[in-house]
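With the working numbering, letter number 236 in the sequence shown gets 238, and the count goes up by one each step, no holes.
We put the CB at the ideal spot given by N, CA and C, even for glycine.
Given the structure is predicted, the values throughout are model-derived calculations rather than measurements.
Below is one structure, written out as structure tokens, with a few remarks after it.
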Amino acid sequence: MKNKPLKDLKQEFIRQNIKAVTFDIDGVIIPVGTFLRENIDGTELTIKTHKLSAKMLEMILELKKHFWVNFSSGRSLLYLQSMLNDILWDRVSLTAENGNFILMNGEVRQLAKYDQNYFQKLTNIRNDLKKLKAKKPEMVYGFEPKHVILTVHTASQMPEVKEIVKKHDKEKELYCLWTSEGYDIGHKKTNKNTALQYLVKKLKIKPKQMITTGNNQNDKEMLDFGIGVSVDPAQVSAPYAIQKKEGELGGEILAEYLLSAKKKYRKHMY
Ligand SMILES: [Mg+2]
């Protein structure tokens, strides 16, 4: 059965088995919707995003006492570092660019290697997307700074973006995923799981000793890998789900639930 209510994930089970939790970022612990505008020659870039709530910040600091806390996102490592600044560095890892990078225990690692052809392909796609931006500046907002994937922000879905990728990717080795604010373009051999596999190995735990969260199709692999909790079951299914509600963040509800599992245990102990 899919998308069981969170209460079916027994607190006793959490206490006994769960060692780590992976939070997806956008739509899970912060609201979706990043504002990005780049000028036509790429010399000026404005990005506005959301902050973690004070309540979530506090809960993460508390969670770290009981679990390893990992964050997984399509965003760049630099961006995650600055956004999560207040809860770093102990017992936390950051995984960025859809599984391509991990920052843990003081070290940045690139988890998938690419050849120059791959980078050339991304450059060619980027150049064509720039031409599209010149033609439709009100539709194509610009690029988010990233190392090994390409992220273009658009006003809404644009078939032209997929066509440009198709034109340059004769080998069909790239994905081109709509993220509700633009497209992530990267190599199919890497996804968010690439980083999770590295993480569980480093932590010496089994995948099912980690709770994973997500809200989108690009979180599917991640939700299947650990004990998945979807926070938007209409978009992506998982063994467990938190129903999406206006003004609520599934990641906060999950954090509260995990903490309550640990708190009851303490009461029981004394
Ligand atoms: Mg997501």
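Check	Outcome
Strictly closer than 6 Å from CB to any heavy atom of ligand 1: give me those residues in the order they appear in the chain.	Asp26, Asp28, Gly29, Gly216, Asn217, Asn218 and Asp221
So, at 7 Å on beta carbons, what are the nonlocal neighbours of Gln112 in its own chain, with the 5 sequence-adjacent residues on each side left out?	Asn102 and Phe103
Which residues in the same chain as Ile32 place their Cβ atom closer than 6 Å to its Cβ, once the five residues preceding and following it in sequence are excluded?	His52
According to DSSP, is Asp26 helix, strand or coil?	strand
Using only CA atoms, which one of Asp226, Ile207, Met224 and Glu99 lies nearest to Val150?	Glu99
So, for Met141: in the same chain, excluding its five sequence neighbours on each side, which residues have a beta-carbon less than 7 Å away from its beta-carbon?	Thr156, Ala157 and Met160
With a Cβ-Cβ cutoff of 7 Å, do Lys194 and Glu175 count as a contact?	no
Work out the CA separation of Lys135 and Gly252 for me, nearest whole Å.	35 Å
Could you tell me which of Lys203, Tyr242 and Ile207 sits nearest to Lys222, measuring between CA atoms?	Tyr242
Let me make sure I understand the geometry here. Which of Ile244, Asn19, Leu80 and Ile62 has the alpha-carbon closest to that of Pro147?	Leu80
Going by beta-carbon coordinates alone, are Asn72 and Thr24 separated by less than 7 Å?	yes
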